[in-house]
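Here's the structure, in structure tokens; my notes come after.
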Amino acid sequence: MVSCETARRIIKEDDPYLKIALANDVQIPRECECEILGKLLEEKGEFYEPEIRQNIANRRHISEECACDIFSKLARDEDEHVRESVASSENIPEECACDIFSKLARDKNWTVRANVALNENIPEECACDILNKLASDEYTFVRSSVILNENIPEECACDILNKLASDEYWAIRESVASSENIPKKCACRIFSKLARDDDVLVREAVEDNPLYRILCRKK
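Position in the sequence shown (from 1) plus 3 gives the number in our numbering.
Below you can see the structure in the form of structure tokens.
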């Protein structure tokens, strides 16, 4: 841990590597953490400043007193790599997570949207809306990322995965066919549809899926 005095001195110095290191998960005393991170976010016009903001987005801990404010600012960052890091974060407070993830699910960059689709820490109260939207994304990688999310709420998992099982792109349907995270209550219905797919690789993925063999294959 650095002291508040040391952290303030680093902020005033011209050494970019010290500032990058300070942003990169160095433990900062609680009484000055928000102040220090706020000043690091204000670094402008330097070649290294996007890396500072990305490091802040990747921090394992940010004080609850300023976390929502910091993540909200980073979610609007001009640098796509910073927004990608926010979209992957496990540390966004629940009280602002829905607003932040909803915004990032509409991001112009598909890699940001894909990171949201993969994030298993989206609050349940908004996860269905966000993941359902991303399951209709124009980019196949975003849609396939939804399938890989192991924390789709049960209340909407069947609808989302059933929609993806009818996707126009065969690789998306194959990914659903290979998934072992389909809820039991709709697994056989989805597998039955995919077992009749026009693409042989999709049909083979169903046959190879342990969940299908356990739940649905006739003895």
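Think of the CB as a built atom: it goes at the ideal place given N, C-alpha and C, for glycine as much as any other residue. Being a predicted model, the structure only gives us computed values, none of them experimental.
Please confirm whether residue i and residue j have their CB atoms less than 8 Å apart.
i: I155; j: A190; result: no
i: C71; j: C99; result: yes
i: I150; j: L137; result: no
i: R176; j: D211; result: no
i: N61; j: S88; result: yes
i: S148; j: A117; result: yes
i: I55; j: A26; result: yes
i: A78; j: I59; result: no
i: E83; j: V115; result: yes
i: V145; j: A120; result: yes
i: C76; j: L43; result: Before going further, note that residue 76 is Lys rather than Cys in the sequence given. Against a cut-off of 8 Å, the Cβ pair of L43 and K76 comes out as no contact.
Out of the options, which has the shortest C-alpha to C-alpha gap to residue i?
i: D140; options: P126, W113, C159 and I31; result: W113
i: R192; options: D202, E46, D201 and V179; result: V179
i: Q57; options: D170, I73, N212 and A108; result: I73
i: C101; options: E83, V85, L25 and N122; result: N122
i: E49; options: R63, V203, S182 and K22; result: K22
i: E8; options: C35, D17 and V29; result: C35
i: A108; options: I13, A90 and K76; result: A90
i: D110; options: E128, N124, E127 and I133; result: I133
i: E38; options: N94, R12 and P53; result: R12
Ordered along the chain, which non-local residues of its own chain (more than five positions away) have a Cβ less than 6 Å from that of residue i?
i: Y142; result: W113
i: E52; result: E46
Roughly how far, in whole angstroms, is the beta-carbon of residue i from the beta-carbon of residue j, given that I think they are within contact range, below 8 Å?
i: V203; j: L197; result: With 8 Å as the limit, V203 and L197 do not qualify as a contact, their Cβ atoms being about 12 Å apart.
i: F194; j: C161; result: Rounded, the Cβ-Cβ distance is 12 Å, inconsistent with contact.
i: P96; j: E67; result: 6 Å
i: L214; j: E183; result: 5 Å
Closer than 7 Å by C-beta to residue i: which residues in its own chain qualify, once you throw out the five before and the five after it? Chain order, please.
i: N124; result: E93
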